[in-house]
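Structure, as structure tokens:
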Amino acid sequence: MPKNKLQKQEILRDLDNKIKKSTSIIFATFDGLGVKENEDLRHNLKTEKGEYYVSKKTLLDLAFKNEKIDGLNIKNFPGKVAAVFAYEDQISPVKAVFNFKKDNKDKIDFVGGILDGKFINKDEVESLAKLPSRLELYGKLLGSLRSPVSGFVNVLSGNLRGLATVLKAIANNKN
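To convert a position in the sequence shown, counted from 1, into our numbering, add 715.
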């Protein structure tokens, strides 16, 4: 059933709020997804502080016209288009869609996105999805910071181990 003008204005206000709150946005075609798969994807994104939003391309295009992002033309995207809004971590929702895409081949695909106010193409979105998560990066940083300290402790304990080995060898020779 077609939407009336008031409903469309409400959708545009809602989209405008979502755009302002989001840290990154990706666009995906979802022609092959069924209702159950859409619900699974929505649930996955909710746990990653993201949102899966489906609307007509003309309404999405109108909502993004105010943002004045070079290269973004939603009407030219193929098929049905959904917007995935990331509200906290810029990458987690993208990774969630990427992992969902692995399990549901040919049913969902990236077509582009917006990161730091700039349009990024499909390949850049996929590259973003392959980056380690924020927690993984924190873990690597912590490991890098800890490694010199643990190496220093191992060097110091090596001297003590060597002394203990020498003392034990002397004790064995006296017996």
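The beta-carbon is built from N, C-alpha and C at its ideal position, and this holds for glycine as well.
Residue i and residue j closer than 7 angstroms at C-beta
| i | j | result |
| --- | --- | --- |
| GLY747 | PRO808 | no |
| ALA811 | TYR767 | no |
| ALA801 | SER739 | yes |
| ILE734 | GLY828 | no |
| ILE789 | LYS772 | yes |
| VAL826 | LYS837 | yes |
| GLY794 | PHE834 | no |
| LEU760 | ILE726 | no |
With 16 other Cβ atoms within 10 Å as the buried cut-off, status of residue i
| i | result |
| --- | --- |
| ILE846 | Sequence inspection shows Leu at residue 846; the Ile mentioned does not correspond to that position. When all chains shown are included, LEU846 counts as exposed. |
| ASP824 | buried |
| GLN805 | buried |
| PHE813 | buried |
| VAL799 | buried |
| VAL881 | exposed |
| LEU730 | buried |
| PHE745 | buried |
| GLU763 | buried |
| VAL840 | buried |
Sheet register partners of residue i (DSSP bridge)
| i | result |
| --- | --- |
| LYS833 | LEU830 |
| GLY765 | ALA801 |
| ILE741 | VAL799 and GLY828 |
Requested in this report: Return the chain-ordered ranges of every beta strand (DSSP E) run that is complete within the stretch 775–812 and spans a minimum of 3 residues.
Outcome: 796–801
Query - alpha helix (DSSP H) runs contained entirely in the stretch 823–890, provided each spans 4 or more residues - result: 837–844 and 849–889
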